[in-house]
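S.K.: Numbering (this note's numbering), first residue to last: 805 to 934. Don't be surprised by glycine CBs; every beta carbon is placed ideally from N, CA and C. Note that the coordinates shown come from a computational prediction; the quantities given were computed from them, not determined experimentally.
#1: In whole angstroms, what separates the C-alpha of residue 876 from that of residue 932?
#2: Nearest CA to the CA of residue 895: which residue from 836, 805, 806?
#3: For residue 810, does the three-state DSSP call read helix, strand or coil?
#4: Can you name, in chain order, every residue of its own chain whose Cβ lies under 7 angstroms from the Cβ of residue 917, other than the five neighbours on each side?
#5: Classify residue 813: buried if its beta carbon has 16 or more other beta carbons within 10 angstroms, exposed otherwise.
#6: Apply the 10 Å Cβ neighbour rule to residue 865 and answer buried if 16 or more other Cβ atoms are within range, or exposed otherwise.
#7: In terms of DSSP beta bridges, what is residue 905 paired with?
#8: Less than 8 angstroms between the beta carbons of residue 808 and residue 829, yes or no?
#9: Quick check: the stretch 905-913 against the stretch 877-891, are at least 3 beta-carbon pairs closer than 8 angstroms?
#10: Using CA atoms only, rank isn't needed, just tell me which of 841, 834, 858 is closest to residue 850.
#11: Counting C-beta neighbours from all protein chains within 10 Å, is the total for residue 810 16 or more, i.e. buried, or is it exposed?
#12: May I ask you to report which of helix, strand or coil DSSP gives residue 827?
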């Protein structure tokens, strides 16, 4: 069984998120999503519109997601890879090179982003409606 791990905030879930998750899941048999907690988002200088519990609920409803774990810090990735017996770590290619240090523990794959869509763009578009 191949286990896949990815991370994100997954706020205002959109087709780019779903495409990333489906493509990650297609690489193996089990997809674990590390979901940024509200406190961790605050540390990163981000604010999610949707609470951690609601984002977790939505992700768990997707057939391509097998399990959701909280992401509380930048430093937990090696621990998560090791304790969950991860074979492949996946992130969007906007993070290319940032997680290469994990290659010592598992395969690292950067998946191309879906053009024209992002949570930031959605938030900007909604602001322009006001």
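M.R.: Taking the geometry as given:
#1: Going from the Cα of residue 876 to the Cα of residue 932 covers about 32 angstroms.
#2: Measuring from the Cα of residue 895, the nearest candidate turns out to be 836.
#3: DSSP, reduced to helix, strand and coil, places residue 810 within a strand of the structure shown.
#4: Cβ neighbours of residue 917 beyond the five flanking positions: 820, 896, 897, 898.
#5: Flag for residue 813 reads buried.
#6: Around the beta-carbon of residue 865, fewer than 16 other beta-carbon atoms lie within 10 Å, marking it exposed.
#7: DSSP, once it has assigned bridges, lists no residue as partnering residue 905.
#8: Yes, these two residues count as a Cβ contact at 8 angstroms.
#9: Yes: at least three Cβ pairs fall under 8 angstroms.
#10: The residue from 841, 834, 858 with its alpha-carbon nearest to that of residue 850 is 841.
#11: Residue 810 is buried by the Cβ-count criterion.
#12: In this structure, residue 827 counts as helix in the three-state DSSP scheme.
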